[in-house]
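Each number in my numbering comes from the position in the sequence shown (counting from 1) with 130 added on.
Worksheet for the structure shown next.
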Amino acid sequence: MPQSSKLSRQTGAQSRKLFQNAQSFYQKKNYVKAIELMEGAKALGMDSTDLLLLLSDSYLRLGQINKGTDMLMQAAARDENNPEILSTAGNTCLRLGLNDLAVKFLARNLQLSSGDPKAYYHYANALKNDGQIDEAISLLQEIIPIFPDQEYLWDSLGNVVSLRDGPDKALVFFEEALKLNPENGTVYNNITLSYESVGNYEQAVKHARKAVEFLPDSPDAHLNLATTLLISGQLEEGWKEYEWRKSLLNPNSRKMPSHIPSWTGEDLKDKTLLIGAEQGVGDEIFLSGLYAELISQAKKLYIGCDERLVPLYESCFPDAEVIPYEEKKDRKTEKLARIYPALKNIDIDYFCLNFDLFKIFWPTPDDLKKYTASPLNIPAELKSVWQERLGKLPHKKNIGISWRSGKLSVLRSLQYAPLTEWAELIKSNPEANFINLQYGECGEELAELEKMSGQKIYSFEELDLKNDFLNSAALMSCLDLAIGPATTCNALAVNTGVETWWLNSGDTWWTFGTDNPPWLNNGRVFKKNLNEKWPGFMGKVSEHLEKHI
């Protein structure tokens, strides 16, 4: 036998062995080791589709989007008529939010697999995520009579009907899915919202618990149970479940400093405390009204934050040390980690994520009135500048408005009132100056809003509402009222002390079963039932605004 053939066989055996070991580590969720072994197999010449797909998924689970997507496209290019590859590629694109690409992959997969009910299910999901709600419903209505015993088709129909017609109309489809398979954790997770929408919190909690029972390792199921418990006022258990937001399996989580002991409410006298920033910048701001209390308790408070918040926090909390974080990949987990280089040679006694302050300050319903947030101490000279500028406007009342998040997908847009409804609110209240607080690119929306309402929306174009939080806060503190959804804008406004109205679609877990956030004296929630239409809801808000003005 030629030496080259012998070496080739040995190399092939080695690569297959590496791949088998990699599959074992993948099953154990050790994606770092799995990648190491699969890259070794690739280096030895292994080039199978199975390896590329598993390698792609491993990279994606570690947040390495570019590498994962590249491997996926390589696999899809090998055999564009392979239903398994098309299905995997399409569902991966869905997970990444690449909805138009997912529709293409899964439409082709459906052509090749028209007898497979799963192909219809995946394609319907792609249509839904791409905003093609009516098309998804029509597809499912046509195919369910052919495959009536497939519970996931009923579940999918429930999801899209919930978006178009309201969660109450979806209840019957979820219930049918559970009749067919009473052990499907995903359906239990989805039906929870339907029960909440009709005010049946007992059933909502019951079904959320079943979702966790069948999906014990799912952060989504645990967090759904957490918010359902908190909405119904069951704080102690709710906080335990809310710990799942920190799980590295949660795509929104960040690895945080683990070498510093966690603060769980211990006496802070003669102790230093680092508040760690988690989630988005609006979430960082949300509980900043508690920082003055922590400064009074601790020897030294270190506030970790997005670098854009440094000028605001340094001005408002001169007795604290404000430390911006950096995001880097953790070498062991390949997960994004938030680190604080400025604290490298400083001993810190305790570390606390900012949303952990909820369970520390308000562990039970009896504690809800124990602490009240303090307004940010905006420098007087900045406030006077904005008071002067607002004083030049034609009316006495100044109402700040924002209408959406900066991150807007087709599905997320359903959570926010359309511009047409905002136009009606503005038109109905001509005795106020409406001030634009919407951050990001919104020039076209503003022009449309002015055209529809027939009123001027005042913008201060030199003010960067997305990045200049100090001046944005100073402006907001001089308003009579701020109105908008639960976004960064309203999180900042309410912490300046201005009266703030939240326009929420669905229940709000951070009111803990009460009407308004109990730790805020100036925050009010207008809750739109998920089955209610926007025109009627915004009409009621407009009436309240007329009385306010």
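Glycine included, every Cβ here is placed at the ideal spot set by N, Cα and C.
Determine the contact status of residue i and residue j, defining contact as a CB-CB distance below 8 Å.
i              : j              : result
glycine 653    : threonine 630  : yes
leucine 242    : tyrosine 253   : no
proline 493    : leucine 365    : yes
leucine 466    : glutamate 408  : no
serine 532     : isoleucine 556 : no
isoleucine 490 : glycine 573    : no
alanine 621    : isoleucine 361 : no
proline 505    : glycine 363    : no
threonine 641  : valine 624     : no
Give every residue of the same chain whose Cβ lies closer than 6 Å to the Cβ of residue i, excluding the five residues on either side of it in the sequence, and list them in chain order.
i             : result
threonine 222 : Leu202
leucine 431   : Leu403, Leu424, Ile425, Ala450
glutamine 133 : Because glutamine 133 carries a pLDDT of 46, less than 50, the predicted location of this residue cannot be relied on, and the following value inherits that uncertainty. Taken in chain order, the list of residues that qualify is empty.
Going by DSSP, what residue range makes up the beta strand (DSSP E) through residue i?
i                 : result
arginine 294      : Looking at the DSSP string, arginine 294 is not in any beta strand (DSSP E); the run it does join, the alpha helix (DSSP H), is 281-295.
threonine 402     : 402-406
leucine 466       : 466-469
phenylalanine 656 : 653-658
alanine 562       : 562-566
tyrosine 432      : 430-435
Please classify residue i as buried or exposed, where buried requires at least 16 neighbouring CB atoms within 10 angstroms.
i              : result
alanine 503    : buried
aspartate 187  : buried
threonine 644  : exposed
glutamate 210  : exposed
isoleucine 273 : buried
asparagine 354 : buried
Just the Cα atoms here: how many angstroms apart are residue i and residue j?
i                 : j                 : result
alanine 612       : phenylalanine 564 : 10 Å
leucine 523       : glutamate 571     : 24 Å
glutamine 427     : aspartate 397     : 8 Å
methionine 668    : glycine 170       : 59 Å
glutamine 280     : isoleucine 587    : 52 Å
alanine 422       : phenylalanine 447 : 7 Å
leucine 602       : leucine 595       : First, the amino acid is wrong: residue 602 is serine here, not leucine. Each residue's alpha carbon lies about 6 Å from the other.
tryptophan 284    : alanine 164       : 36 Å
phenylalanine 480 : tyrosine 569      : Residue identity differs from the one stated: residue 480 is tyrosine in this sequence, not phenylalanine. The straight-line gap from Cα to Cα measures roughly 35 Å.
lysine 537        : serine 558        : 29 Å
lysine 172        : serine 145        : 7 Å
asparagine 661    : histidine 337     : 20 Å
serine 292        : leucine 512       : 46 Å
leucine 301       : phenylalanine 155 : 39 Å
leucine 82        : aspartate 260     : Residue 82 lies beyond the stretch modelled for the chain, which goes from 131 to 679, so this question has no answer here.
alanine 577       : serine 589        : 11 Å
serine 535        : glycine 614       : 10 Å
aspartate 400     : lysine 429        : 5 Å
leucine 605       : glutamine 517     : 8 Å
isoleucine 679    : alanine 553       : 17 Å
Among the residues of its own chain, which have a CB less than 7 Å from the CB of residue i, if the five just before and after it don't count?
i             : result
glutamate 367 : Leu359
histidine 352 : Val342, Glu371, Trp374
glycine 434   : Leu404, Ile405, Gly406, Ala407, Ile453, Tyr455, Tyr470
Beta carbon of residue i: closer than 7 Å to some heavy atom of the ligand MG?
i           : result
glycine 666 : No copy of the ligand MG occurs in the structure displayed, which carries no ligand at all.
Between which two residues does the alpha helix (DSSP H) carrying residue i extend?
i             : result
glycine 521   : 510-521
glutamate 366 : 365-372
leucine 185   : 179-191
tyrosine 331  : 331-344
Kindly list the residues whose CB is nearer than 8 Å to the CB of residue i, restricted to its own chain and excluding five residues on each side of it in sequence; keep chain order.
i             : result
threonine 179 : Ala205, Arg208, Asp209, Asn212, Ile215
threonine 141 : Leu174, Gly175
lysine 385    : Leu378, Asp460, Thr463, Lys465, Leu466, Ala467, Arg468
Looking at chain E, is there any beta carbon in it that lies within less than 8 Å of the beta carbon of residue i?
i             : result
glutamate 629 : Protein chain content of the structure displayed is limited to a single chain, and chain E is not contained in it.
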